[in-house]
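In structure tokens, the structure reads:
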């Protein structure tokens, strides 16, 4: 299916791979990795496997939101 071009008086919509300006920094694209719990911080201490997991998924100018971990022994409930 071909899409009709936008009217001349309307700016084209940004694409998924177009840059995005945030208040303090600029993203190279609009693909964001959402936080996923991978349970690679036993005892609430991140491991080298956790660092490698995020390094494998990072891109220059991208946004990656890391998973949370407990900050207190009473945190898990």
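In our numbering, the protein residues as written are 1 to 77.
Glycine included, every Cβ here is placed at the ideal spot set by N, Cα and C.
For residue i, the three-state DSSP class (helix, strand or coil)
i          : result
residue 21 : strand
residue 63 : strand
residue 57 : helix
residue 50 : helix
C-alpha gap between residue i and residue j, whole angstroms
i          : j          : result
residue 2  : residue 12 : 15 Å
residue 27 : residue 10 : 24 Å
residue 73 : residue 39 : 16 Å
residue 65 : residue 14 : 22 Å
residue 16 : residue 52 : 26 Å
residue 63 : residue 22 : 11 Å
residue 24 : residue 43 : 33 Å
Chain C contact for residue i (CB, 8 Å cutoff)
i          : result
residue 29 : Among the protein chains of the structure shown there is no chain C, as only one such chain exists.
Own chain partners of residue i with C-beta closer than 7 Å, once the 5 adjacent residues on each side are dropped
i          : result
residue 41 : 47, 50 and 69
residue 67 : 35, 36, 37 and 38
residue 54 : 64 and 66
Proximal residues to residue i (C-beta, below 6 Å), its chain only, five neighbours per side dropped
i          : result
residue 57 : 33
residue 20 : 27 and 30
Close Cβ partners of residue i (< 8 Å) along its chain, the five nearest in sequence each way excluded
i          : result
residue 76 : 70
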